[in-house]
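A.B. asks: At the far end of the sequence shown sits residue 404, using UniProt numbering, and the numbering has no gaps. Note that CB positions come from ideal geometry on N, CA and C, so glycine has one too.
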Amino acid sequence: MASIFSDVKMGPTIEVFALTRRYNEDTCPEKVNLGVGAYRTDEGKPWVLPMVTQVERQMALDPTLNHEYLPVAGLPAFRAAACRLMLGSDNPAILENRVEGIQVQGGTGGIRLAIEFLKRNMDSKVAYVSNPTWGNHKTIASSAGLEVRQYRYWHPKELKVDFNGLVEDLKAAPEGAVIILHAVAHNPTGIDLTMSQWKEVADIMQKRKLFPLMDCAYQGFASGDLDADAEAVRYFVQRGFELFICQSFSKNFGLYNERIGNLCIVTKTPEVIPQIRSQMEIICRTIWSNPSHHGARIVATILDNPASYQEWKQQVMTMATRIKEMRKMMCSKLRQKKTPGSWNHILEQIGMFSFTGLSADQVRIMVEKYHIYMLSNGRISMAGLTTKNVDYVVDAIHDAIEAT
Ligand code: PLP
C-alpha cells in the first residue's frame, strides 16, 4: 500500500554535511576534510577548550544547578555577558540600558529570530545578502518569507572585494530593506571591509534607511583579539544605528553542538526594549519555547570571571594563531612549487576560511583524485590543514591547476 508520503519530493542535499558524510565513509588514509567550519588541532582532532572542560567539571559538582526551565528569553547572566563581549562593557548603549540580549539556538537561531521579528513587527519584505555568502543566509531569510536579493561583494577575477558593486547595490536597495552584514571574517571569502569602507556603508545605510542585521559568528577568530574583531559592530552602534547582532559561540568557545547564541538588540531609547523582547519571546515560545542551559552557563561563567576570561582569551588566540600559521605555510609551499598564481589572497584572508579561487573542475580533482573534501565554490577551512597534511594538499592543488 502506498504511503501518504509517497509524493514528498527529495530535498537538495546540504553540501557541507554531505561532504562530511563522504569524508567519514572514505577509507583512503590520506583523506583530508577541508569542508566543515570547525576548529581542528594540528593532529586533525576536534578541540574541547580546556577552559570549557574546567567549567563543565565545576557544573557537574554544583548542587545548586538543576534542570528547571530557563526564562523564554534565556539565562539572564549569559545574555548580559554576551552583549558586553560584543559591544564592550563601557559602551554608552549598555550604560543607557538600550541593549537587550535574547538567548538563541546558535547564530542560525539568532538570524531566524531576527528576521521573523522584522517581518512580523516591522513589515520587512526584502533581505539582502552578500554575493557570495554563508549558504544558510538565503534559505533562512526566504523560509521566513522575505524576498532575498544579493549585493555584490567579491570580485572573482581580482580576488578582492567588489566595493563599487557593493555600494551601487546598497544605494539601489529599497528603504527598510534588511541588510545582512558579516561583522567579521566574511564567510566564505575571508576578506572583510576596511574601516573606511565600513564608514561608507554606514553613510549609505543611514541615508537610505536600511536596517543592519549583523552576523557575528567569528569574534576572536579573525585577529585573535575579541575587541578588534568587534570594531565594525561597535562603529555602527557609535553611529547611532538601531540594529540586531546575531552572536554565535559555536566557534570561539568550540560549543558547536550546544547551539548557543545571543541576539543582541541595540535601540535608540530604553523604552522600546520591553516591547521588542515581548514580541521576540512570542516567536521563541512557538519554536523552541525555552532555550537549553548547558552552553549558556558555560559561556556566562567564563565571561563573568576575570581569571577564566583571560584564560579563554588565550585559548581563542591559540586557535587563531594556528590558523594563521597554516595560511603562511600553505602560501609559502605553493610559491616554492611555483604553482600558477600569486597566492597573496591566502595570506590576506582572515578567519577560518580561504576562498582559494579553485574552479569547480579543479575542486572535483581535489575530491575525486585526492580525497580532499572542500566546497565546490573553492572554499576551504584552514582549520582542517595541519603540518602533516599541508604538503599533500599543496601537491593536490598544484596538480589540479596544472591539469585544467
Ligand atoms: N553565520 C556564519 C557566517 C557562519 O559561518 C555560521 C556557521 O558556520 C553561522 C552563522 C551559524 O553559526 P551556528 O553554528 O552558531 O548556528
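Flag this pair as yes or no: are the beta carbons of Ala-173 and Tyr-235 separated by less than 8 Å?
C.D. replies: no
A.B. asks: I'd like to confirm something about Asp-215: is its beta-carbon nearer than 7 Å to some heavy atom of the ligand PLP, or not?
C.D. replies: yes
A.B. asks: Over the uninterrupted alpha helix (DSSP H) stretch that includes Glu-116, give me the two end residues.
C.D. replies: Counting along the chain, the alpha helix (DSSP H) containing Glu-116 begins and ends at 106-122.
A.B. asks: Assess contact between the stretch 377-392 and the stretch 350-366, defined as three or more Cβ pairs (one per stretch) separated by less than 8 Å. Is contact present?
C.D. replies: The stretch 350-366 and the stretch 377-392 touch, with three or more beta-carbon pairs separated by less than 8 Å.
A.B. asks: Check Trp-154 in the structure and name its three-state DSSP category.
C.D. replies: Strand.
A.B. asks: Let me know if Tyr-69 comes out buried or exposed under the rule of 16 or more other beta-carbons within 10 Å of its beta-carbon.
C.D. replies: Under this definition Tyr-69 is an exposed residue.
A.B. asks: Which value, in whole angstroms, describes the spacing of the CA atoms of Pro-270 and Thr-108?
C.D. replies: 26 Å
A.B. asks: From the beta carbon of Ile-276, is the nearest beta carbon of chain C less than 8 Å away?
C.D. replies: Considering every chain present, this structure includes no chain C. It has just one protein chain.
A.B. asks: Kindly examine the ligand PLP and report whether one of its heavy atoms sits closer than 7 Å to the Cβ of Tyr-151.
C.D. replies: no
A.B. asks: Just to confirm the assignment, what range does the alpha helix (DSSP H) spanning Ile-282 have?
C.D. replies: 273-287
A.B. asks: Taking only heavy atoms of the ligand PLP into account, decide whether any of them is closer than 7 Å to the Cβ of Gly-107.
C.D. replies: yes
A.B. asks: In terms of residues, what are the limits of the beta strand (DSSP E) holding Gly-261?
C.D. replies: 260-266
A.B. asks: Would you check whether the ligand PLP has a heavy atom nearer than 7 Å to the C-beta of Asn-187?
C.D. replies: At least one heavy atom of the ligand PLP is nearer than 7 Å to the Cβ of Asn-187, so yes.
A.B. asks: Between which two residues does the alpha helix (DSSP H) harbouring Gln-315 extend?
C.D. replies: For Gln-315, the enclosing alpha helix (DSSP H) starts and ends at 306-336.
A.B. asks: Are Cys-331 and Cys-83 closer than 8 Å when you measure CB to CB?
C.D. replies: no
A.B. asks: Excluding the 5 residues preceding and the 5 following Lys-119 in the sequence, name in chain order all residues of the same chain whose CB lies nearer than 7 Å to its CB.
C.D. replies: Ala-144, Gly-145, Leu-146
A.B. asks: Which first and last residues belong to the alpha helix (DSSP H) in which Ala-127 is found?
C.D. replies: Counting along the chain, no alpha helix (DSSP H) covers Ala-127; the unbroken beta strand (DSSP E) around it starts and ends at 126-131.
A.B. asks: From the DSSP secondary-structure annotation, give me the bridge partner or partners of Glu-147.
C.D. replies: Val-126
A.B. asks: Alpha carbon to alpha carbon, how far is Pro-132 from Leu-166?
C.D. replies: In a straight line, the C-alpha of Pro-132 is about 12 Å away from that of Leu-166.
A.B. asks: Buried or exposed: where does Ile-4 fall if 16 or more other Cβ atoms within 10 Å of its Cβ makes it buried?
C.D. replies: exposed
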